[in-house]
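Beneath this line is the structure, given in structure tokens, with notes to follow.
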Amino acid sequence: MIKIFLLHIIANAIAILASAWLIPNVFYEYEFISLIKIAAMLAAANTLIKPVLKMIFSPLILITLGFFTLVINIFLIWLVVYFAPELSIVGLTAYFLTMIVVSFFNFIVSAIKDKK
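Residue numbers for the sequence shown follow the working numbering, so the first one is 31 and each next one is one higher.
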């Protein structure tokens, strides 16, 4: 369990770096400690807050055929940006693209976890 959480932190750190490098309106202060802090906050939000939000909004997720999970993911990234001044994302498009990058890296970790 701890190993998987640490893998999610590493994947989130790589996703934050990739987002800052690839997406024009994503700004990150390049310090290792702040990167780990942001990645840990994102992993904790995905582990603790996301299941609760998915349970609360399950009727809306069902009505929108799953597309509301994108809104939940963007909200979680916004929450991390709000509490981490080292990371700044400007614009809804940048949030959406960052969500795609973070989701991609977390999907890879989940696929590795499911293989074991």
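Every residue gets a Cβ at the ideal spot worked out from N, C-alpha and C, and that includes glycine.
| Check | Outcome |
| --- | --- |
| When DSSP labels each residue in this structure, what does Leu-90 get in the three-state scheme? | helix |
| Could you give the C-beta distance for Ile-68 and Ala-114, rounded to a whole number, given that I count them as a contact under 8 Å? | 5 Å |
| Specify the secondary structure class of Ile-53 as computed by DSSP and reduced to three states. | coil |
| Are the beta-carbon atoms belonging to His-38 and Val-139 less than 8 Å from one another? | yes |
| Going by DSSP in three states, Leu-95 sits in which element: helix, strand or coil? | coil |
| In the DSSP assignment, the beta strand (DSSP E) including Leu-127 goes from what residue to what residue? | Note, Leu-127: premise wrong, no beta strand (DSSP E); alpha helix (DSSP H) at 122-145. |
| If you draw a straight line from the alpha carbon of Ala-70 to that of Leu-106, how long is it in whole angstroms? | 13 Å |
| By a C-beta neighbour count over all protein chains shown, 10 Å radius and 16 as the cutoff for buried, is Thr-94 buried or exposed? | exposed |
| Candidates Leu-127, Ala-74 and Ala-43: which alpha carbon is nearest Glu-59's? | Ala-43 |
| Does Tyr-112 come out as helix, strand or coil in the three-state DSSP assignment? | helix |
| Give the straight-line distance between the Cα atoms of Thr-128 and Ile-104, rounded to the nearest whole angstrom. | 8 Å |
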